[in-house]
Each structure stands twice: as C-alpha cells, then as structure tokens.
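Everything below concerns the one structure shown next.
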Amino acid sequence: MPPKKKAAAKSNISAEELLGHYREMLLIRRFEEKAGQLYGMGLIGGFCHLYIGQEAVVVGLEAAAEEGDKRVTSYRDHGHMLACGMDPKGIMAELTGREGGFSKGKGGSMHMFSKEKHFYGGHGIVAAQVPLGAGLAFSDKYKGNDRVTFTYFGDGAANQGQVYETYNMAELWDLPVVFVIENNQYAMGTSVARSTKSPSLWERGAAYGIPGEEVDGMDVIKVKEAGERAVAHCRAGKGPYILEVKTYRYRGHSMSDPAKYRTREEVQKMRDERDPIEQVREMILKGKHASEDDLKAIDKDIKAIVNDAAEFSKESPEPALEELWTDIYTDVIPQEA
Amino acid sequence: MATEILMPALSPTMEEGTLAKWLVKEGDTVSSGDIMAEIETDKATMEFEAVDEGIVGKILIAEGTEGVKVNDVIAILVEDGEDVPEAGASSASAPVPADKEQSSETAPAAAMEHPAPAAPADTSPDWEEGTELKPTTVREALRDAMAEEMRRDEDVFLMGEEVAEYQGAYKISQGLLDEFGAKRVIDTPITEHGFAGIGVGAAFGGLKPIVEFMTFNFAMQAIDHIINSAAKTLYMSGGQMGAPMVFRGPNGAAARVGAQHSQDYAAWYMQIPGLKVVMPYSASDAKGLMKTAIRDPNPVIFLENEILYGRTFDVPVMDDFTIPFGKAKIERAGDDVTIVSFGIGMTYALQAAEKLAEDGINAEVINLRSLRPMDMPTVLESVRKTNRCVTVEEGWPQGSVGGYIATTIMQEAFDYLDAPVLTCTGKDVPMPYAANLEKHALVTTDEVIEAVKKVTYR
C-alpha cells in the first residue's frame with residue numbers, strides 16, 4: 001500500500017523517506033542473514049564479512065548521493081552494493097561463485113564492481129581503497145564535472161599510512177571526496193582503544209586541513225544529514241570532507257570470527273537500545289506513517305526478494321572453464337558508464 | 338512450515354565440528370539473531386545464530402557430540418501449533434552446487450591450458466627502408482612519445498615527483514609543463530604508495546595516467562597498488578573495469594648509488610598476470626614502446642634505465658611511430674649462437690657479439706623489448722637455427738628472466754639444443770658501493786663472451 005505522506009514527529013521527514021530507509025536497511029539485514037546461512041551451508045566459501053548492524057551508514061549516505069556520484073569500499077561491501085541499487089541476485093550469485101554474479105564468479109564476496117551504479121569495489125587490502133577513491137575523485141575534477149566520490153574505510157584502516165598520504169594530496173588538490181570512516185569499534189579483534197590514543201579519528205584530518213565531524217551511525221537520519229553537509233562541501237569545490245560514523249557490527253569480523261574480544265552483553269545492549277532499523281520502525285509507528293500491517297507487508301516483500309536472490313545464486317551455473325582465461329587483458333579501454 | 342537447522346560451516350576450511358552446547362531447548366521460541374548453540378571448529382568456539390523465527394521443535398544432535406558433519410540436520414524449527422516432522426522429510430537436505438558434476442575437479446585437462454595459439458615469429462622491420470632517421474637520445478625519445486600522446490588524447494596526464502616544475506629528476510619530462518600545463522603535468526609530494534593508488538583510481542575513473550616513479554626502487558612502496566589494484570581489477574570485476582595506465586621510471590643499477598637504489602625489477606613484474614612489462618634498449622624502442630604503452634588499455638610497467646637515458650640512437654621521423662608489444666627485434670643476425678637480452682643488458686650482448694665476431698663466432702642478438710608478453714616464437718626460431726643460447730640481464734640469478742627463457746627453450750626446443758642454455762645475470766648479492774665491487778656485481782661483457790664460448794665449445 002502507498003505510504004501516507006505525513007510529516008514525521010521530529011524534523012520534516014516524510015513518511016515516504018522513512019519507509020524508504022526502513023526498506024533499504026531491512027533489505028541489507030535480511031540479505032546478510034541469508035548470506036550467513038548460505039555460508040553455513042557451504043554454498044559461500046572463503047572470507048565473508050557481514051554488514052549487520054551498520055545498515056544506517058550506507059543507507060543514510062546513499063540518500064545524500066546524486067546520480068553519477070561514485071563509491072568505493074573495502075571487503076565488507078555487501079551493504080554498499082545493495083544501497084547503491086545493485087541487484088541482490090547478482091550480489092548473492094557472486095557470493096556463491098556463479099556465472100550470474102557481478103564478476104561472473106571471479107571476484108567473490110570481497111571483489112565486486114558495477115560500472116552502471118558507479119560502484120568501484122570491493123577491495124581486499126585494508127585501506128587500499130582510500131587512494132583509489134581519491135583517484136576517482138581526481139578523475140571527476142579533471143573532467144570538470146561536479147561528481148563526488150564516497151570513500152569508505154574502517155577504524156582499522158584509519159591507522160594505515162596510505163590514508164594520510166591520501167588526505168594530504170586530496171586536500172592539496174581539492175579533490176571532491178567524502179572520506180567515510182565506518183568506526184564499528186573493532187578492527188577484527190582489536191578495539192579502537194587498543195589501537196590508538198587519538199581521541200577521535202576524524203580529527204586527524206585537521207593535520208591536513210580537512211574538515212569533518214563525528215556522526216551517530218545508528219541513526220539513519222543523522223547520517224543522511226551529515227552526508228548532505230559533506231557532499232555540499234565537496235560539490236562547492238572546497239575539497240575533501242571526513243565523516244567518522246560511529247557504528248557497530250553485530251556479527252564477527254568475518255564468518256570465522258568467534259568474536260571473543262567483546263561480551264555477549266555488549267552486543268545485545270546495542271541490538272536492544274541502538275538498532276538502526278528498530279529506531280526507524282519506531283519513528284514510523286509513533287508518527288503513524290504506517291501501520292504494523294504495512295511494515296509486515298514490507299518485511300514480506302523483502303523476504304521474497306532475498307529468497308529470490310538466494311534461489312538465483314544456487315541455480316546460476318558455475319562459470320564456464322573458459323572464464324579462467326578471460327578478463328586478464330583487454331583490447332578496449334572500458335568506457336565510463 | 339518446519340525448517341531444518343543444519344550444522345553450519347563456520348570457517349573457510351571447516352568440514353565437521355563439535356556441537357559443544359545448546360543455548361536453547363525444545364519448546365523455546367527463537368527469532369532471527371538469537372544465539373542457538375556453541376559450535377567448536379578446528380580453530381575456535383563459535384556462536385551459532387538463528388536465521389528464521391520459530392519454536393525449537395526437536396533437537397536431533399545432543400550437545401557434546403563430536404564430528405558432526407557440515408549440513409547434517411541438528412534441530413528442527415516449527416511454527417506455533419505445528420507437529421515435528423521426521424528429520425530429512427523436508428526438501429532442505431544438504432545442498433550441492435547445481436552443476437557440481439561439471440566442477441573443475443573433473444574438468445578435462447585440455448580446458449585447463451591457456452588457449453594461446455603458437456604464433457609464427459614476426460621479424461618485420463620497425464620502419465620501412467628509406468625512412469628519414471634522426472639521432473635522438475633515449476631521454477628525448479621518451480619525452481617526445483609522451484608529448485605526442487598527450488597531444489593526441491586529453492585524458493593522458495603525467496604525475497610523479499618533480500615531473501613538472503623541476504622538469505623531471507632525470508629531465509625526462511622536460512618542457513611538458515610548459516606545453517600541457519599544471520592540470521596535466523602534476524608534481525606530487527614524496528608519497529609513492531598514495532599517488533600510485535590515486536593514479537589507479539583515476540584510471541578506474543576513465544583517465545589514462547602516466548605515473549612516474551623517480552626510480553623503480555621507490556615503487557616497492559607502491560607495489561600493492563600496482564599488483565593488487567591495477568593488475569587484478571579487470572579480472573576481479575569480470576571485465577567491467579580496469580586500469581589503462583603506465584607506471585614508468587628508471588630501473589636497475591645506475592652508478593655508485595648502493596644497494597637500495599640499484600635493483601632490476603624485470604623478473605618481479607614479469608610474473609604478474611594482468612600487467613604488461615616492457616624494457617626498451619634504444620631510443621627508437623623507447624619512443625615506439627612508450628606510445629604503445631600509453632594507448633594500451635591495460636596497466637603497463639615501463640622499465641627505463643638511467644645509464645641509457647643519455648645515449649643516442651636513430652629514431653625514424655614519422656607522424657606516428659609505434660612498436661607493438663610482444664615483438665622482439667633481431668639486432669644482429671648470426672648462425673652460431675643466440676644471445677637474448679633486453680634493456681641495458683643489450684649493451685653487454687652487443688659488445689660481446691662484436692668481440693666474438695673477431696674470433697669467428699657469429700652471434701645472433703635478440704632484443705626482447707617486451708617481457709610480458711614475451712616474443713618466444715622469435716627466440717625459439719633463432720635457437721632452432723643456432724642450437725645454442727645465452728641470456729643476459731642485470732637482475733639476480735634466482736627466478737630470473739633468463740631462467741624463464743631457458744625453461745621455455747628446454748620445453749619447446751630441447752631436441753635442437755647442442756648445449757645447455759646459460760644465463761648471465763647480476764651476482765647474487767645486494768649492490769655494493771665500492772667501485773671495484775660494483776663493477777664485479779654487475780654482469781660483464783667478458784662473462785657473456787665466456788658463456789658463449791662455453792656453449793659453442795670454443
């Protein structure tokens with residue numbers, strides 16, 4: 001049923017927008033749960049890093065993006081791909097290593113790309129995507145358009161040297177790049193407090209003259225608003241901007257991480273008190289933007305999408321053996337979409 | 338509808354595990370995200386969460402059970418008021434990939450081989466006879482090639498340390514800032530890892546960067562982006578995007594600059610699928626290969642040499658002179674032995690050939706020019722004629738370019754060989770500073786002569 005257009009209780013957020021966020025975050029949540037299940041069944045192999053708990057970050061920032069803006073991230077990339085509109089079927093089929101995957105099964109969970117959606121990976125080396133993102137922004141500035149690149153990295157990557165090499169050049173050359181530090185508080189098993197004495201990660205940008213701010217990453221509306229400030233800064237030609245988004249991953253670092261470095265209570269407390277999807281759900285119900293039944297219908301719809309993706313990912317055949325030898329070199333320069 | 342809960346795989350290598358502890362009991366209601374059990378893998382004890390909602394109808398594997406196979410049914414989840422079905426009754430039995438039968442393990446061996454055809458050797462000249470020639474230094478040739486390609490294509494730009502205002506640490510980019518401006522000739526801070534990554538990102542974004550390393554020694558700081566980001570993305574993206582760009586700069590030993598500034602990376606980069614690797618010797622090589630490198634839609638490693646920068650060679654005066662990759666050049670024809678080299682190694686190879694001629698040994702000298710792709714048809718055709726081969730390079734012996742050539746000759750032309758292939762390389766030591774030691778650490782013309790005499794039994 002169409003959502004009722006009605007102002008939200010706090011600020012001027014439309015029902016349509018809230019329901020959109022709810023839907024997109026729920027899609028990521030359910031997709032990741034399904035991916036975890038398929039991993040357990042042996043259909044997904046290798047490393048698989050789930051995004052559960054962090055959904056508000058990408059959904060909020062995608063709401064601040066415009067057509068043609070670019071994004072690049074690390075190996076915890078399923079949420080980013082879903083949020084920028086990549087087909088869940090193609091993502092799930094890449095996870096199962098099948099022909100119907102975004103990389104024809106040759107990339108896997110950590111390496112997917114979409115020229116059409118301006119998604120530039122999917123990179124497995126911690127922080128390598130940071131200069132790559134600045135390079136994408138460089139290409140837009142060179143071409144003279146006003147596109148912005150969202151470059152996502154974690155609190156772990158924030159201690160890599162290449163991040164600061166990139167900050168320096170990005171500010172020096174006024175590159176239109178939003179550096180998004182997804183601070184989920186654990187770099188694999190090492191908490192932020194055990195890896196740095198910096199009081200905050202975004203403030204390190206000050207050493208290079210880059211402005212930024214800390215954002216509540218469990219609140220999709222706050223993320224979106226911060227994203228809009230960052231994008232406005234970049235589009236105005238003022239150079240890069242840093243968002244340190246405080247978030248939390250419910251699952252282990254990867255599927256094989258028992259997560260013994262934090263208590264079960266810590267995780268449960270986050271889930272009970274800060275869950276990004278529950279927060280929006282409450283706003284929707286309290287603001288009477290939709291009924292429980294409306295939300296149930298959305299849940300059902302999302303479940304069907306995820307189940308279809310899972311089915312597709314099982315039915316799509318493994319890549320033909322000839323694929324082993326393709327895409328190593330190309331004869332034509334891939335054109336920008 | 339009842340849902341079977343299967344023993345999960347909880348690591349990339351897990352096949353079975355111990356069901357250490359149930360955290361739910363029969364009759365409990367669970368929802369997505371609730372922890373149901375603790376499972377011990379070979380590495381750790383993991384918590385196992387519910388994905389679906391329901392009531393625990395039956396627990397089929399008791400806690401403490403060891404050796405539970407992945408995908409065995411461990412419990413059954415039912416909806417309110419539903420009966421517990423027999424295990425295995427529903428359709429959700431252990432799934433296998435749809436076409437497991439045709440998986441790579443059972444693939445015919447032929448499909449595993451690279452489908453590259455054995456091309457005949459292309460020995461056509463680089464330019465037509467009668468073309469006007471102009472004496473040019475390697476330095477000027479490189480600059481001219483970049484300038485021509487930058488005039489031709491707005492998306493080509495040059496970035497690196499001191500490439501713009503300083504006019505190039507080795508003056509390779511002399512005059513480019515004046516002609517193309519600061520937008521396209523860009524001085525970077527000293528930050529190889531960072532600017533190599535930015536270059537790769539710019540290539541993903543549709544530009545054609547030329548990234549200059551002041552020397553390739555400094556590219557070790559950036560090698561992750563060269564290999565993991567530039568070389569592999571086309572493959573990892575299923576052909577959707579790649580890095581059309583050139584990484585260039587002087588490579589190998591210069592003179593008296595010590596161990597950290599004197600290293601030949603030819604064999605390193607030559608190993609990487611997704612990269613093209615070239616190493617010019619003459620000014621015409623430098624010009625023709627550089628123009629091809631800039632136009633190539635793949636990442637190219639362009640290995641120059643500081644000592645060769647100032648040498649003068651004839652370069653054809655043509656509107657658009659290019660040299661294709663994978664085409665070696667026979668610099669000197671001969672029948673008695675094949676000497677294969679590339680880059681500065683050619684100076685030793687050619688000097689040796691001249692001296693050997695005085696002794697009546699007629700060497701054929703092949704200048705490989707590109708190392709990946711490598712023109713093995715030309716090398717093999719020559720070896721089938723001379724029946725002997727010596728390779729020459731400045732790099733270290735273990736895992737050398739010559740080692741690869743020797744192996745290929747052994748595999749492809751064993752019956753034609755009248756002597757083992759000998760590889761002349763740099764000595765297996767870090768580069769010393771002392772003048773006498775440095776000279777000794779490099780490959781020498783005398784060593785090449787000696788190797789040729791050995792394989793010709795003279």
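From first to last, the protein sequence lines stand for chains A and B. Residue 251 in the working numbering sits at position 251 of the first sequence; the count goes up by one each step and never skips. Residue 587 in the working numbering sits at position 250 of the second sequence; the count goes up by one each step and never skips. Just so it is clear, CB atoms sit at the ideal spot from N, CA and C, and this is done for glycine as well. Since the model is a prediction, treat every value here as computed from it, not as a measurement.
Membership of Asp216(A) in any alpha helix (DSSP H) is not indicated; the residue belongs instead to the beta strand (DSSP E) covering 212 to 216. Secondary structure note for Arg669(B): its beta strand (DSSP E) is the uninterrupted segment 666 to 669. In this structure, Ala665(B) sits near Ile703(B), with a CB-CB distance shorter than 8 angstroms. Straight-line measurement puts the Cα of Leu27(A) at about 29 angstroms from the Cα of Ala137(A). The residue among Ala207(A), Thr149(A), Gly287(A) with its C-alpha nearest the C-alpha of Leu61(A) is Thr149(A).
Rounded to the nearest whole angstrom, the CA to CA distance from Pro710(B) to His78(A) is 36 angstroms.
Residues of chain B with a Cβ closer than 9 angstroms to the Cβ of Thr326(A) are, in chain order, Tyr572, Gly575, Gly576. Phe47(A) has a beta carbon lying within less than 8 angstroms of a beta carbon in chain B. By the rule that beta-carbons nearer than 8 angstroms mark a contact, Asn168(A) touches chain B. Residue state for Leu324(A) is assigned as helix, using DSSP reduced to three classes. C-alpha of Thr151(A) to C-alpha of Glu17(A): approximately 24 angstroms in a straight line. Within the region 613 to 638 of chain B, those residues whose Cβ lies closer than 8 angstroms to any Cβ of chain A are, in chain order, Lys613, Pro634, Asn635. Residue pairing from DSSP places Cys726(B) in a beta bridge opposite Thr675(B). A Cβ-Cβ contact shorter than 8 angstroms links Gly122(A) with His111(A). Within a 10 Å sphere around the beta-carbon of Ala170(A) sit 16 or more other beta-carbons, which makes this residue buried. Collapsing the DSSP output to three states places Ser719(B) in a helix. Interface criterion met: the Cβ of Arg271(A) is under 8 angstroms from a Cβ in chain B. Residues of chain B whose Cβ lies closer than 7 angstroms to the Cβ of Ala128(A) are, in chain order, Gly534, Asp561, His562, Asn565, Ser566.
Boundaries of the alpha helix (DSSP H) harbouring Pro131(A): 129 to 143, taken from the DSSP string. DSSP, read as helix, strand or coil, puts Ala187(A) in strand. Going by beta carbons, Glu116(A) and Pro276(A) fall outside the 8 angstroms limit.
No Cβ of chain B is located within less than 8 angstroms of the beta carbon of Tyr152(A). Contact with chain B is absent for Val215(A), since none of that chain's Cβ atoms lies less than 8 angstroms from the residue's Cβ.
DSSP, read as helix, strand or coil, puts Cys761(B) in strand.
Ala539(B) reaches chain A at Gly135, Leu136, Phe138, Ser139, Tyr142, counting residues in chain order whose Cβ is nearer than 8 angstroms.
Judged by DSSP in its simplified three-state form, Pro546(B) adopts strand. Counting along the chain, Ile535(B) sits inside the alpha helix (DSSP H) bounded by residues 529 to 541. Between Ala501(B) and Ala519(B), the beta carbon gap of about 6 angstroms places them in contact (Cβ cut-off 8 angstroms). Contact between the region 464 to 480 of chain B and the region 645 to 665 of chain B is present, with at least three C-beta pairs closer than 8 angstroms. Its Cα nearest to that of Leu687(B), the residue Glu730(B) stands out among Ile564(B), Glu730(B), Glu341(B).
Within chain A, no residue has its CB atom less than 7 angstroms from the CB of Asn554(B), the nearest being about 18 angstroms off.
As the crow flies, the alpha-carbon of Val223(A) is around 6 angstroms from that of Val57(A).
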